[in-house]
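S.K.: Residue numbers (my numbering), protein chains in the order written: chain A, 18 to 440; chain B, 558 to 724.
Just passing along the structure, written as structure tokens.
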Amino acid sequence: MGMTMAEKVLARASGRDAVSPGEYVTATVDGMMAHEAFAACCGILQSAGVSKFRDPDRVVVVIDHWFPAPNVQYARVHAVCRHYAEKFGVRNFLGPAGICHQVLSERGFIRPGDLVLGTDSHSTTYGALGSAGTGIGLTEMAWVLATGTLWMRVPPTIRFRLVGQPGAALMSKDIILHIACRFTTEVAQYASVEFAGPVADSMTVAGRMTISNMGVEIGAKFAFFAADAKTVEYLRGRIDGEPPTFGPDPDAQYAADYEVDVSGLEPQVACPDDPGNVRPVSAVVGTRVDQLFLGSCTNARLEDLEVATQILRGRRVYPSARLIVTPASRQVYLDALKAGYIEALAEAGAVITASACGACPGSHMGIIGPGEVCLSTTNRNFKGRMGSPEAQVYLASPATVAASAIAGQIADPRELWAGTTLG
Amino acid sequence: MARVIRGRVWKFGDNVNTDLMAPWDSISQPWEEARRRVLHIRPEFTEQVQPGDIIVAGRNWGCGSSREQAPQNLKMLGIAAVVAESFGRIYFRNSIAIAFPNLACRGVAAAFEDGDEMEIELEEARIRNLTKGVELRGQPYTPEMLEIVEKGGLMALLKERLEAGRL
């Protein structure tokens, strides 16, 4: 019987010919990512008497959640991270290179078919490159660092077939918000997801990363796209050797198979306080916004900045609103700088910040106050997520955020941009 | 060795996320300040919760972030266990890793009200409402999960294996 992508990865990683949903395996982990949680992981390992990692060359450490340090406490945490990276022999201490998921992807640490665990729930992003990426907590990461393995349940797989003709100003963010609304934020609880179909095939790698990133918002353990010719092209020169393709067997078994027709789909907006509380943009047009945030591992790649630039070039951010742009990585920042996007966005009135998580989890560089409204390209709008519990966060695509920045209220991007990033 | 947990129930709804259990900026606060912000959506809970109390929740308890402070904060408040309709998967794994009993049990939200007395037989995942005389069967831990929880968490298990030369 054929296997899904999750089954293939977990069979290989546990040294078996085949596995089935519901089985428990001990999987050897191919890649491990830790951000600032690395300090605590190493602290508890030392307390347990562990003096070395199983395989430090498989570990990547990135400083992103509080970079640059907003206070002395986090400056200390960063110093502890550097100390432990040296002590445990982690060569791939990338420090402040940007947001972890973007950095690992663009620097060739993610390979199709690999099992990659990170101390961050949005590690599902790696599924966009055909990799089984998922988030774990710091104690489990400590265990993985020491043993190189982790117990895992083989998940059932749900397939979403994306079909139809995308309309004007539609981005992959709109599709995943639509899925979170139509199928709920727990549709993929304990399950792996595969996104397939012609719209998935024609989507850019950046667009796929947005959807895989938010796979965790529908409960998914893994959020795969098949690694196809586009993936190979993206990975060539980033990873060693010719990148492999990777996909499910043609006769793989799915627990559910859903078709999502994007024809006629409007840009979508998630309203407070849940990523599944989604409405078409036309239903919320006119909602006042104080802050607009174009950032995070969800939607701050070059493509996203390009779309925002197309909309904002020659226009101005509304006087009483503020637009904060946080490129997903230093590489994205540099590429956007060379392409002229940074200049155009700054001329339009945007504040450009260092590449880090920043405002998304309410770390710094854009915390919102009581009564304020933020329209954001990020992944979660839980109460208090970006600052005050009395603030409101709406989620949307970079196109919708850019159009709304000009209006000072939620605006329909179709009035300013007829393009699409969906091929 | 049947482990029995008994306590008074606090009831919560669906989709209670990790950010409500551990607000981001509370992570760097001293515990005496941070504890007042755990599940602040019910201020009376935060003020009146007692060690040994049990949380009953709806669907998708602990959805969201990988922050381990979410289950850790509940454990530090003295919550003896959480029984929910279903869990966010990272939260659920984290709770096992830190030896904090969390069981999935369909029907639990309808079977309990605030203040009811619950008894849990952990190994069999038997859930009893002692106030109403109702018994439910949840989803038991696998032997491996039970071992982690019974040994006091993954780090205790790691230490034991290290000392036994089995690492």
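Idealized CB from N, CA, C, for every residue including glycine.
Per DSSP, which residues does A/N398 bridge with? Please list them.
M.R.: Translated into the one-based positions of the first sequence, residue 398 of chain A becomes position 381. Answer is none; A/N398 lacks a bridge partner.
S.K.: Tell me, which residues are paired with B/N574 by DSSP?
M.R.: The residue given as residue 574 of chain B occupies position 17 in the second sequence. Its beta-bridge partners are B/C620.
S.K.: I want to verify the contact list: residues of chain A whose CB lies under 8 Å from the CB of B/A654, in sequence order.
M.R.: Position 97 of the second sequence, counting from 1, holds the residue named residue 654 of chain B. Under the 8 Å cutoff, chain A gives G154, T156, E157 and W160.
S.K.: In this structure, does DSSP put B/E701 in helix, strand or coil?
M.R.: Position 144 of the second sequence holds residue 701 of chain B. Three-state result, B/E701: helix.
S.K.: Please check if any C-beta of chain A sits within less than 8 Å of the C-beta of B/K716.
M.R.: For the purposes of this step, residue 716 of chain B is identified with residue 159 of the second sequence, where counting begins at 1. Taking Cβ atoms only, chain A reaches closer than 8 Å to B/K716, which makes this a yes.
S.K.: What residues of chain B sit near A/Q206, judged by a beta carbon separation below 9 Å?
M.R.: In the first sequence, counting from the first residue as 1, residue 206 of chain A sits at position 189. By Cβ distance, chain B contributes R616, N617, C620, S643, F644, G645 and R646.
S.K.: In its own chain, which residues sit with a C-beta less than 6 Å from the C-beta of A/D321, not counting the 5 before and 5 after it?
M.R.: Stepping through the first sequence from its first residue, residue 321 of chain A is reached at position 304. Only P415 meet the Cβ criterion.
S.K.: With DSSP as the reference, please indicate the residues paired to A/L340 in a beta bridge.
M.R.: In the first sequence, residue 340 of chain A corresponds to position 323, counting from 1. The partner list for A/L340 (beta bridge, DSSP) reads A/L309.
S.K.: Which residues in chain B have a C-beta closer than 7 Å to the C-beta of A/V41? List them in chain order.
M.R.: Residue mapping note: residue 41 of chain A aligns to position 24 of the first sequence, counting from 1. Sequence inspection shows Tyr at residue 41 of chain A; the Val mentioned does not correspond to that position. Chain B residues near A/Y41: T699 and E701.
S.K.: Measuring straight from C-alpha to C-alpha, what distance separates B/V561 and B/R694?
M.R.: Position 4 of the second sequence, counting from 1, holds the residue named residue 561 of chain B. Position 137 of the second sequence, counting from 1, holds the residue named residue 694 of chain B. Roughly 14 Å separates the two Cα atoms.
S.K.: Identify, in the order they occur along the chain, each residue of the same chain with its Cβ nearer than 7 Å to the Cβ of A/V216, setting aside the five sequence neighbours on each side.
M.R.: Your numbering for residue 216 of chain A matches position 199 in the first sequence. These residues qualify, in order along the chain: L179, V180, G181, P183, V279 and L439.
S.K.: Tell me the DSSP secondary structure of A/A96 in three-state form.
M.R.: Within the first sequence, numbered from 1, the residue matching residue 96 of chain A stands at position 79. A/A96: helix per DSSP, three-state reduction.
S.K.: Going along the chain, which residues of the region 572-593 of chain B sit with their C-beta nearer than 9 Å to a C-beta in chain A?
M.R.: Residues N572, N574, T575, D576, L577, P580, W581, D582 and S585.
S.K.: Using a threshold of 8 Å, state whether the C-beta atoms of A/V302 and A/P284 are closer than that.
M.R.: One-based indexing of the first sequence puts residue 302 of chain A at position 285. One-based indexing of the first sequence puts residue 284 of chain A at position 267. No, Cβ-Cβ distance for A/V302 and A/P284 is not below 8 Å.
S.K.: Determine whether the Cβ of A/S380 lies closer than 8 Å to any Cβ atom of chain B.
M.R.: The count along the first sequence starts at 1 and reaches residue 380 of chain A at position 363. True, the Cβ-Cβ gap to chain B drops below 8 Å.
S.K.: Could you give the distance in angstroms between the alpha-carbon of A/P265 and the alpha-carbon of A/A102?
M.R.: Mapped onto the first sequence, residue 265 of chain A falls at position 248. Mapped onto the first sequence, residue 102 of chain A falls at position 85. About 36 Å.
S.K.: Taking the CB atoms as reference points, tell me whether B/I636 and B/V566 lie closer together than 8 Å.
M.R.: Counting from one through the second sequence, the residue named residue 636 of chain B turns up at place 79. Counting from one through the second sequence, the residue named residue 566 of chain B turns up at place 9. No.
S.K.: Reducing DSSP to helix, strand and coil, say where B/N659 ends up.
M.R.: Numbered from 1 along the second sequence, position 102 holds the residue referred to as residue 659 of chain B. Three-state DSSP puts B/N659 in a strand.
S.K.: Determine the direct distance from the alpha carbon of A/G331 to that of A/R75, and round the result to whole angstroms.
M.R.: Residue mapping note: residue 75 of chain A aligns to position 58 of the first sequence, counting from 1. Residue mapping note: residue 331 of chain A aligns to position 314 of the first sequence, counting from 1. So the alpha carbons of these two residues sit roughly 46 Å apart.
S.K.: Is it right to say A/A51 is buried, meaning 16 or more other beta carbons lie within 10 angstroms of its own, or is it exposed?
M.R.: As a first step, residue 51 of chain A must be located in the first sequence, where it is residue number 34. By the neighbour-count rule (16 or more Cβ atoms within 10 Å), A/A51 is buried.
S.K.: What residue ranges within the region 266-339 of chain A form continuous alpha helix (DSSP H) runs of no fewer than 4 residues, ordered along the chain?
M.R.: Runs of the alpha helix (DSSP H) inside the region 266-339 of chain A: 319-329.
S.K.: Thinking A/L155 and A/T136 are a contact (beta carbons under 8 Å), I'd like their distance in whole angstroms, please.
M.R.: Numbered from its first residue, the first sequence carries residue 155 of chain A at position 138. Numbered from its first residue, the first sequence carries residue 136 of chain A at position 119. About 6 Å; that satisfies the 8 Å criterion.
S.K.: Would you list, in chain order, the members of the region 648-677 of chain B that have their beta-carbon closer than 7 Å to a beta-carbon of chain A?
M.R.: Residues passing the 7 Å Cβ filter: R650, N651, A654 and I655.
S.K.: What residues from chain A crowd round B/M633, counting only those whose CB sits closer than 7 Å?
M.R.: Stepping through the second sequence from its first residue, residue 633 of chain B is reached at position 76. Going along chain A, no residue has its Cβ under 7 Å from B/M633, so there is no contact; the nearest lies around 14 Å.
S.K.: Which same chain residues end up closer than 7 Å to B/M558 when comparing Cβ atoms and leaving out the 5 residues on each side of it in sequence?
M.R.: Reading the second sequence from its first residue, position 1 is the one you call residue 558 of chain B. The pLDDT assigned to B/M558 is 42, lower than 50, so where the model puts this residue is not dependable; a value taken from the coordinates is nonetheless given after this. Answer for B/M558: no residue qualifies.
S.K.: For the structure I just gave you, are there three or more beta carbon pairs, one from the region 165-173 of chain A and one from the region 20-38 of chain A, closer than 8 Å?
M.R.: Yes, the region 165-173 of chain A is in contact with the region 20-38 of chain A.
S.K.: Would you report the Cα separation of A/K247 and A/H139, rounded to the nearest angstrom?
M.R.: Numbered from 1 along the first sequence, position 230 holds the residue referred to as residue 247 of chain A. Numbered from 1 along the first sequence, position 122 holds the residue referred to as residue 139 of chain A. Each residue's Cα considered, the two are about 22 Å apart.
S.K.: Just checking my contact of A/A363 with A/I385 at CB under 8 Å: how many whole Å lie between their CB atoms?
M.R.: As a working mapping, residue 363 of chain A is identified with position 346 in the first sequence. As a working mapping, residue 385 of chain A is identified with position 368 in the first sequence. Going by Cβ atoms, the distance from A/A363 to A/I385 rounds to 22 Å, so no, they are not a contact pair.
S.K.: What are the partner residues of A/A5, as DSSP defines its beta bridges?
M.R.: Look at the range of chain A in this structure, 18 to 440, and you will see that residue 5 of chain A is not part of it.
S.K.: Under 8 Å between C-beta atoms, does A/Q348 make it to chain B?
M.R.: Indexing the first sequence from 1 puts residue 348 of chain A at position 331. Not one chain B Cβ lies under 8 Å of A/Q348.
S.K.: Would you say B/G710 reaches chain A, if we count a Cβ-Cβ gap shorter than 8 Å as a contact?
M.R.: Here residue 710 of chain B is taken as the residue at index 153 of the second sequence, counted from 1. Yes, its Cβ sits closer than 8 Å to a Cβ of chain A.
S.K.: Inspect the beta-carbon positions of B/V547 and B/E642 and report whether they are closer than 8 Å.
M.R.: For chain B, the structure presents residues 558 to 724; residue 547 of chain B sits outside this window and is missing.
S.K.: Given that a residue counts as buried once 16 or more other Cβ atoms are within 10 Å of its Cβ, and exposed if not, what is A/V94?
M.R.: Sequence index remark: in the first sequence, residue 94 of chain A carries index 77 (1-based). A/V94 should be labelled buried.
S.K.: Tell me the rounded alpha-carbon separation between A/M49 and B/R563.
M.R.: Here residue 49 of chain A refers to the residue found at position 32 when the first sequence is read from its first residue. Here residue 563 of chain B refers to the residue found at position 6 when the second sequence is read from its first residue. Cα-Cα distance, rounded: 39 Å.
S.K.: Given this structure, state the Cα-to-Cα distance separating A/S122 from B/R685, to the nearest angstrom.
M.R.: Here residue 122 of chain A refers to the residue found at position 105 when the first sequence is read from its first residue. Here residue 685 of chain B refers to the residue found at position 128 when the second sequence is read from its first residue. If I take the Cα positions, the gap works out to 48 Å.
S.K.: Under 8 Å between C-beta atoms, does A/G66 make it to chain B?
M.R.: Reading the first sequence from its first residue, position 49 is the one you call residue 66 of chain A. With 8 Å as the cut-off, A/G66 counts as an interface residue toward chain B.
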